[in-house]
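Asks:
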Amino acid sequence: MERSGHYAIAEQLQADGVKHIFGNPGTVEQGFLDALEDFPSIKYILTLQESVAIMAADAYARATRKPAVAQIHSSPGLGNAIGAMYQAMRGHSPLVVLGGDSGIRYQAMDAQMAADLVAMARPVTKWATMVQHPSSLLRVLRRAMKVAGTAPMGPVYVCLPQDILDAIATEEVFPSFVPVSRSHPDPEFIARAADLLASATTPMIYVGDGVAYSGAQTELTRVAELLGAQVWGADSGELNMPYDHPLWQGQTGHMFAAQSRPITQRGDVNLVVGTYMLPEVFPELGDIYAPGARTIHIDLNPDSIAKNHAVEIGMLADPKVTLAALATELESRLDAPKRERAMQTIAQLGLAKSDRRKVELDQDLARSNAVPLNFATFMAEMAARLPTDAVIFDEALTNSPTLTRHRPPHDIGSFFQTRGGSLGSSLAGGLGLKAAFGDKPVVAFSGDGGAMYVIQALWSAVRHNLDVKYVICNNGSYRLLQLNIQQFWSEQKIAGRPFPISFDLSYPKLHFDVMAKSMGMESIRVETVEQIGPAIEAALAHSGPFLLDVVIEGDVHPELIGVRCGQ
Ligand SMILES: Cc1ncc(C[n+]2csc(CCOP(=O)(O)OP(=O)(O)O)c2C)c(N)n1
Ligand SMILES: [Mg+2]
3 MERSGHYAIA EQLQADGVKH IFGNPGTVEQ GFLDALEDFP SIKYILTLQE SVAIMAADAY
63 ARATRKPAVA QIHSSPGLGN AIGAMYQAMR GHSPLVVLGG DSGIRYQAMD AQMAADLVAM
123 ARPVTKWATM VQHPSSLLRV LRRAMKVAGT APMGPVYVCL PQDILDAIAT EEVFPSFVPV
183 SRSHPDPEFI ARAADLLASA TTPMIYVGDG VAYSGAQTEL TRVAELLGAQ VWGADSGELN
243 MPYDHPLWQG QTGHMFAAQS RPITQRGDVN LVVGTYMLPE VFPELGDIYA PGARTIHIDL
303 NPDSIAKNHA VEIGMLADPK VTLAALATEL ESRLDAPKRE RAMQTIAQLG LAKSDRRKVE
363 LDQDLARSNA VPLNFATFMA EMAARLPTDA VIFDEALTNS PTLTRHRPPH DIGSFFQTRG
423 GSLGSSLAGG LGLKAAFGDK PVVAFSGDGG AMYVIQALWS AVRHNLDVKY VICNNGSYRL
483 LQLNIQQFWS EQKIAGRPFP ISFDLSYPKL HFDVMAKSMG MESIRVETVE QIGPAIEAAL
543 AHSGPFLLDV VIEGDVHPEL IGVRCGQ
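Written out as structure tokens, the structure reads:
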């Protein structure tokens with residue numbers, strides 16, 4: 003079998019069932035992109051910045067649960083992609099990132115755009131490599147697919163020098179292999195874990211996206227219900243448990259130990275599944291649990307178990323089969339009074355949760371005539387009109403609690419949040435979700451700040467007719483930074499003062515409706531209560547992508563811009 007490496011790669015991707023590539027081209031990738039023209043089964047989604055390509059592929063991988071392919075240019079392209087690749091690594095997204103390079107033969111020349119690309123990619127990938135010889139091109143590609151797709155999943159970078167691809171490739175094509183990771187737990191460990199959990203007075207459960215990746219949501223819910231245990235997300239971004247379940251308590255938070263510590267100190271027995279304790283920006287350096295508390299950890303990621311805090315029983319096993327086995331063992335250990343107590347806890351937590359929600363909804367209602375708008379006024383109308391099968395990408399950040407209060411995520415695979423900390427995942431993520439989900443309605447929520455990192459994603463939505471409904475929560479500010487600095491002020495004993503003007507985006511005003519139109523996307527700016535309903539209806543009725551620029555309240559001071567801070 004003789005053809006150039008450019009064709010061989012395309013054949014390999016086709017054999018692996020790759021339907022979409024998210025990319026941005028350069029000269030050193032020309033041969034591959036030229037070959038791709040002859041493979042109509044693979045759709046190339048053209049993005050105008052590499053971070054958009056990676057974040058779209060990241061969302062596509064999350065939606066399809068399979069390795070997704072992105073193509074980027076050499077050193078400047080990889081530079082643009084790094085933040086998004088970091089995001090994919092933190093979130094364990096199975097990405098195969100194909101990066102161009104002019105050629106191995108030029109390595110000694112210090113040619114333009116030459117760099118140690120593999121070294122650049124290494125800290126933000128599970129594996130980074132460069133193909134060194136035409137005889138191993140497809141071998142490396144298949145290994146990249148396998149490494150990316152094997153738990154714990156993660157992004158892989160493969161540098162493809164053009165001279166290697168120009169050469170004749172004789173390797174045979176056969177599908178890449180991803181091993182099954184449904185590894186069963188040792189029955190003895192399960193028995194010990196069940197004994198410990200059955201003896202708990204206040205069992206607590208902490209979960210991450212390892213639950214969703216294993217498809218273990220039902221088993222998690224069963225174990226939690228048997229125990230009457232609160233379930234907390236430890237900076238998770240997938241739907242690991244329906245938000246409207248009485249035992250789902252929300253996130254421990256991604257920033258401060260001060261927020262998570264009061265939660266993690268509640269339990270006498272802690273069960274951690276599919277995450278590590280604790281993925282925060284400012285984590286607790288001391289113990290996070292109550293004195294004498296005991297911890298069980300189930301994960302397919304050996305790095306996560308006992309990473310920062312003591313674990314008594316740790317199992318490297320698949321969450322779905324392990325939680326199922328644990329539930330069965332618990333059944334035989336929980337007597338009638340314990341079951342009764344669990345039922346009472348569920349009822350109490352459910353009541354407290356619906357009371358809290360009612361108070362918040364009443365507060366939303368009390369502010370429903372306010373202008374600038376309260377995001378809840380918009381969200382209430384959106385929730386009433388959204389089709390039940392809509393898939394949501396949530397990068398609404400400070401408006402995310404409002405979003406989920408009005409539309410509690412329920413169905414597995416219908417709700418994706420940003421994770422990892424790199425802003426801009428929603429506008430690009432909408433592209434990936436729509437490419438993956440086809441007929442299902444996709445709605446992507448973003449902050450105004452987040453949207454500006456990847457605004458050119460709108461162009462790609464129009465270009466490829468990816469029917470994403472975009473909602474921009476336009477509060478004229480980096481609101482999250484305004485909220486976070488208050489924690490800093492209190493820790494540093496600094497009296498409250500006006501927010502840094504660098505957190506204020508109010509001048510010049512960002513008109514996302516105009517930006518969308520300039521890229522060929524239909525859009526409406528929503529500023530008053532009366533405009534909300536018709537705007538949502540227009541967006542949902544439109545066949546094709548649509549943007550709603552929702553202008554909402556914010557702590558903004560356009561009069562101080564250029565005055566304070568020596569500007
Ligand atoms: C790439 C990147 N740059 C900067 C930050 C720091 N940062 C975190 S939150 C935030 C503000 C986000 O603002 P916006 O998207 O408007 O949401 P809001 O806080 O207003 O709800 C910034 C700048 C980041 N997380 N990622
Ligand atoms: Mg904002």
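Take any residue in the sequence shown, count from 1 to its spot, add 2: that is its number in the numbering used here. Here a beta-carbon is modelled for each residue, glycine too, at the ideal position from N, C-alpha and C. These numbers were taken from a predicted model, which means no experiment stands behind them.
Helix, strand or coil for Ala171, going by three-state DSSP, please let me know.
Replies: Note: Ala171 maps to strand in three-state DSSP.
Asks: Which residue wins for smallest C-alpha separation from Glu539, given the options Gln494, Arg387, Leu287?
Replies: Measuring from the Cα of Glu539, the nearest candidate turns out to be Arg387.
Asks: For Ser1, which option in Leu562, Pro78, Leu50, Asn82 has the closest C-alpha, if you only look at C-alpha atoms?
Replies: Since the first and last residues shown for the chain are 3 and 569, residue 1 lies out of range.
Asks: What do you reckon, are the CB atoms on Pro157 and Leu80 nearer than 8 Å?
Replies: No, these two residues do not count as a Cβ contact at 8 Å.
Asks: Is the beta carbon of Pro136 closer than 8 Å to that of Ser216?
Replies: Not in contact: Ser216 and Pro136 (Cβ atoms no closer than 8 Å).
Asks: Consider the C-beta atom of Asp60 and the heavy atoms of ligand 2; say whether any pair is separated by less than 7 Å.
Replies: Every heavy atom of ligand 2 is 7 Å or more from the Cβ of Asp60, so no.
Asks: Let me check you understand the geometry: is the CB of Asp450 closer than 7 Å to at least one non-hydrogen atom of ligand 2?
Replies: Yes; taking the cut-off as 7 Å, the Cβ of Asp450 has a heavy atom of ligand 2 nearer than that.
Asks: What is the DSSP secondary structure of Pro78, counted as helix, strand or coil?
Replies: Correct three-state label for Pro78: helix.
Asks: Got a sec: does ligand 2 put a non-hydrogen atom nearer than 7 Å to the Cβ of Asn477?
Replies: Yes, Cβ of Asn477 sits closer than 7 Å to a heavy atom of ligand 2.
Asks: Contact check, Glu286 vs Arg263 under 8 Å by CB: the rounded distance?
Replies: Confirmed, Cβ separation roughly 6 Å.
Asks: Is Tyr480 near ligand 2, with its Cβ less than 7 Å from a heavy atom?
Replies: At least one heavy atom of ligand 2 is nearer than 7 Å to the Cβ of Tyr480, so yes.
Asks: Taking the alpha-carbon of Thr530 as reference, which of Thr379, Ala196, His412 has the nearest alpha-carbon?
Replies: Nearest option by C-alpha distance: Thr379.
Asks: Skipping 5 residues on each side, what residues in its chain have a beta carbon closer than 6 Å to that of Leu399?
Replies: So the qualifying residues of the chain are Gly449, Leu482.
Asks: Quick one: what does DSSP say Tyr108 is sitting in, helix, strand or coil?
Replies: Three-state result, Tyr108: helix.
Asks: Between the stretch 429-447 and the stretch 460-476, do three or more beta carbon pairs fall short of 8 Å?
Replies: Cβ pair count under 8 Å is three or more, so yes.
Asks: For ligand 1, is there any heavy atom lying closer than 7 Å to the beta carbon of Tyr509?
Replies: Tyr509: no, Cβ never under 7 Å from ligand 1.
Asks: Between which two residues does the beta strand (DSSP E) holding Val470 run?
Replies: Where Val470 is concerned, the enclosing beta strand (DSSP E) stretches over 470-476.
Asks: Can you tell me whether Lys45 is helix, strand or coil according to DSSP?
Replies: It is a strand residue.
Asks: Tell me which residues share the same chain as Arg107 and place their Cβ nearer than 7 Å to its Cβ, disregarding the 5 neighbours each side in the sequence.
Replies: Closer than 7 Å at the Cβ level, and outside the excluded window around Arg107, lie Asp165.
Asks: Pull up the distance between the alpha-carbon of Thr404 and that of Lys355, whole angstroms please.
Replies: Taking the straight line from one Cα to the other gives about 15 Å.
Asks: For Val553, which option in Val528, Ser545, Cys567, Gln73 has the closest C-alpha, if you only look at C-alpha atoms?
Replies: Residue Val528 is the option with its Cα nearest to Val553.
Asks: Taking Cβ positions, are Ala236 and Thr223 nearer each other than 8 Å?
Replies: No. Outside cutoff.
Asks: Please name the residue, chosen from Gly212, Ile414, Asn401, that lies closest to Asp246 on a Cα-to-Cα basis.
Replies: Checking every option, the nearest Cα to that of Asp246 belongs to Ile414.
Asks: From this set, Met206, Lys309, Leu38, Met147, which residue's C-alpha is nearest Val180's C-alpha?
Replies: Out of Met206, Lys309, Leu38, Met147, Met147 has the C-alpha closest to the C-alpha of Val180.
Asks: Taking the beta strand (DSSP E) that Asn272 belongs to, which residues open and close that run?
Replies: Start and end: 271-275.
Asks: Can the beta-carbon of Ile315 be found closer than 8 Å to that of Ala195?
Replies: In contact: Ile315 and Ala195 (Cβ atoms closer than 8 Å).
Asks: Alpha carbons only, please: which of Phe41, Ala86, Ala12, Ala171 is nearest the one belonging to Val456?
Replies: Checking every option, the nearest Cα to that of Val456 belongs to Ala86.
Asks: Within the stretch 126-207, note down every full alpha helix (DSSP H) run reaching 4 residues or more, in order along the chain.
Replies: DSSP runs (the alpha helix (DSSP H)) wholly in the stretch 126-207: 139-151, 164-168, 189-200.
Asks: Do Ala117 and Ser77 have their CB atoms nearer than 8 Å?
Replies: Yes; because the gap between Cβ atoms is below 8 Å, this pair is in contact.
Asks: Among all the DSSP beta bridges, which residues are the ones paired with Asp305?
Replies: For Asp305, which the question treats as bridged, DSSP gives no partner whatsoever.
Asks: Do the stretch 63-71 and the stretch 123-137 touch if we need at least three Cβ pairs shorter than 8 Å?
Replies: Contact fails: fewer than three Cβ-Cβ distances are below 8 Å.
Asks: As an exercise, report each continuous beta strand (DSSP E) stretch of at least 3 residues that is fully enclosed by the stretch 428-463, in chain order.
Replies: Fully enclosed beta strand (DSSP E) runs of 3 or longer: 444-449.
Asks: Considering His22, what are the terminal residues of the beta strand (DSSP E) in which it resides?
Replies: 22-25 is the extent of the beta strand (DSSP E) around His22.
Asks: With hydrogens ignored, establish whether the beta-carbon of Ser77 is closer than 7 Å to any heavy atom of ligand 1.
Replies: Checking every heavy atom of ligand 1 against the Cβ of Ser77, none is found closer than 7 Å.
Asks: Can you tell which of Gly151, Tyr509, Thr172 has its C-alpha closest to the C-alpha of Val182?
Replies: Considering only alpha carbons, the answer is Gly151.
Asks: Can you name the residues that DSSP bridges to Leu405?
Replies: BP columns for Leu405 are empty, so no partner.
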